[in-house]
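Read in order, the letters of the sequence shown correspond to residues 1 to 206 in the UniProt record's numbering.
Cβ atoms here follow ideal geometry from the backbone N, Cα and C, with glycine treated the same way.
Predicted, not measured: the structure shown is a model, and the values here were computed from it.
In what follows, a structure is listed as structure tokens, so that the remarks can point back to it.
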Amino acid sequence: MSPRHSAAEARRTRERIIERGLDLASLEGLEGLTIGRLAADLGISKSGLLGHFGTKQALQLAAMQRAAVIFNREVWHPAASAPPGLPRLRAVCAAWISYLTGGIFPGGCLFVSSTFEQDGRTGPVRALLQRQFRAWNRRLTAEVRTAVRNGELPDGTNAEQLVFELYGVMMSLNHTIQLHTDTRAITRAQTAITRLLPRDPAAPPA
Numbered sequence: 001m002s003p004r005h006s007a008a009e010a011r012r013t014r015e016r017i018i019e020r021g022l023d024l025a026s027l028e029g030l031e032g033l034t035i036g037r038l039a040a041d042l043g044i045s046k047s048g049l050l051g052h053f054g055t056k057q058a059l060q061l062a063a064m065q066r067a068a069v070i071f072n073r074e075v076w077h078p079a080a081s082a083p084p085g086l087p088r089l090r091a092v093c094a095a096w097i098s099y100l101t102g103g104i105f106p107g108g109c110l111f112v113s114s115t116f117e118q119d120g121r122t123g124p125v126r127a128l129l130q131r132q133f134r135a136w137n138r139r140l141t142a143e144v145r146t147a148v149r150n151g152e153l154p155d156g157t158n159a160e161q162l163v164f165e166l167y168g169v170m171m172s173l174n175h176t177i178q179l180h181t182d183t184r185a186i187t188r189a190q191t192a193i194t195r196l197l198p199r200d201p202a203a204p205p206a
């Protein structure tokens, strides 16, 4: 096999590992993402898998980095072309709901499950998760502030508080869908978003 083919095969194997790792982590948590389990699932040797990642922690970090790419693709990119401010915020939330309920990961949003799993822990995986959440928080907060400047949200709107509440809606939606399989949660989440991000800031709450 030529070096070029060997490199291509290595990339394909790495992709298979990450893709299966994401599915497994969404179902069993990052701690369930073990070298032995993945090797058995994929029909490769442990040494072969270790050759790509070296440690369980490196595998967990790679999974979280790929999860961020998928999240941006599914949630941010569909909304990025909407006008900045309230239209983009509403488009982001619609895409976010679709992401959480569309079966992107078999066990639900990996970020939501990882947040609970990493509570009280320290280390590189928690640090990466914190950076990812902070980056998303900054992006949403910037859009809220743009909406206020545009007159689409009332003056004095607390951007950080509004983003906190948007997070709460999405966390509750994921929990209700995954634990209770209650599809009515989608309508409830949409109602909450409409209340938080009204099309007409002067309109009364729904």
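Less than 8 angstroms between the beta carbons of residue i and residue j, yes or no?
i	j	result
residue 53	residue 62	yes
residue 147	residue 85	yes
residue 196	residue 165	yes
residue 106	residue 38	no
residue 159	residue 138	no
residue 50	residue 17	no
Taking all protein chains shown into account, do 16 or more other C-beta atoms lie within 10 angstroms of the C-beta of residue i, making it buried, or fewer, making it exposed?
i	result
residue 151	exposed
residue 114	buried
residue 95	buried
residue 102	exposed
residue 179	exposed
residue 161	exposed
residue 47	exposed
residue 60	buried
residue 10	exposed
Please report the distance separating the alpha-carbon of residue i from that of residue j.
i	j	result
residue 44	residue 57	19 angstroms
residue 135	residue 142	11 angstroms
residue 80	residue 88	7 angstroms
residue 201	residue 163	Its pLDDT being 49, under 50, residue 201 is placed unreliably by the model, and nothing is read from it.
residue 42	residue 111	24 angstroms
residue 149	residue 71	27 angstroms
residue 156	residue 194	19 angstroms
residue 140	residue 133	11 angstroms
residue 24	residue 154	44 angstroms
residue 97	residue 168	12 angstroms
residue 8	residue 120	40 angstroms
residue 220	residue 125	Absent from the model: residue 220. The displayed extent of the chain is 1 to 206, so no value can be given.
residue 82	residue 199	14 angstroms
residue 35	residue 22	13 angstroms
Relative to the C-alpha of residue i, which candidate in the options has its C-alpha closest?
i	options	result
residue 118	130, 178, 145, 23	130
residue 67	13, 144, 20	20
residue 29	188, 109, 158, 15	109
residue 74	83, 60, 91	91
residue 116	16, 49, 174	174
residue 55	171, 65, 69, 33	33
Can you list the alpha helix (DSSP H) stretches of 4 or more residues lying completely in the stretch 136-195, in chain order? 159-180
Mind pulling the alpha helix (DSSP H) runs of 4 or more residues that sit fully within the UniProt DNA-binding region "H-T-H motif" (34-53)? When DSSP assignments are scanned along the UniProt DNA-binding region "H-T-H motif" (34-53), the uninterrupted stretches of alpha helix (DSSP H) that are 4 or more residues long and fall wholly within it turn out to be 35-42, 46-53.
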